[in-house]
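J.:
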Amino acid sequence: MITAGQMRAARALLGIDQRQLAEAAGLSLPTIQRMESSDGQVRGNVDSLVKVVEALEKAGIELIGEGAVSTEGGRGVRLR
Numbered sequence: 003m004i005t006a007g008q009m010r011a012a013r014a015l016l017g018i019d020q021r022q023l024a025e026a027a028g029l030s031l032p033t034i035q036r037m038e039s040s041d042g043q044v045r046g047n048v049d050s051l052v053k054v055v056e057a058l059e060k061a062g063i064e065l066i067g068e069g070a071v072s073t074e075g076g077r078g079v080r081l082r
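Under this note's numbering, the first residue of the sequence shown is numbered 3, with each subsequent residue one higher.
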């Protein structure tokens, strides 16, 4: 669904910190911190993952999944 690296990159593009993402997603700061400390694919409650993805997409982030069309191939994020 989303990797820890994608979460950090998305926050960087938006210029927000973990606390701001937590507020936007309606989650606690420790939840966001745990998600971002995952290796590779973020582990966590599916509802929490959906909230993070929805908050990032609402802010203008487009998540690029493995195998999706991108100029460099591979996972990533971009600001719409």
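Quick reminder that beta carbons are idealized off the backbone N, C-alpha and C, glycines included. Computed from a predicted structure; not experimentally measured.
1. CB Val-48 to CB Ile-4, shorter than 8 Å?
2. Considering just the uninterrupted stretch of the beta strand (DSSP E) at Leu-65, what are its terminal residues?
3. Determine the closest residue to Ala-61 out of Gly-7, Ala-12 and Gln-8, with distance taken between C-alpha atoms.
4. What are the boundary residues of the alpha helix (DSSP H) that includes Arg-7?
5. Is it right to say Gln-8 is buried, meaning 16 or more other beta carbons lie within 10 angstroms of its own, or is it exposed?
6. Using C-beta distances below 8 Å, list every residue in its chain close to Ala-24, excluding the 5 sequence neighbours before and after it, in chain order.
T.: This is what the structure holds:
1. no
2. 63-66
3. Ala-12
4. The displayed chain sequence assigns Gly, not Arg, to residue 7. Its alpha helix (DSSP H) spans residues 6-16.
5. buried
6. Ser-30, Leu-31, Thr-33 and Ile-34
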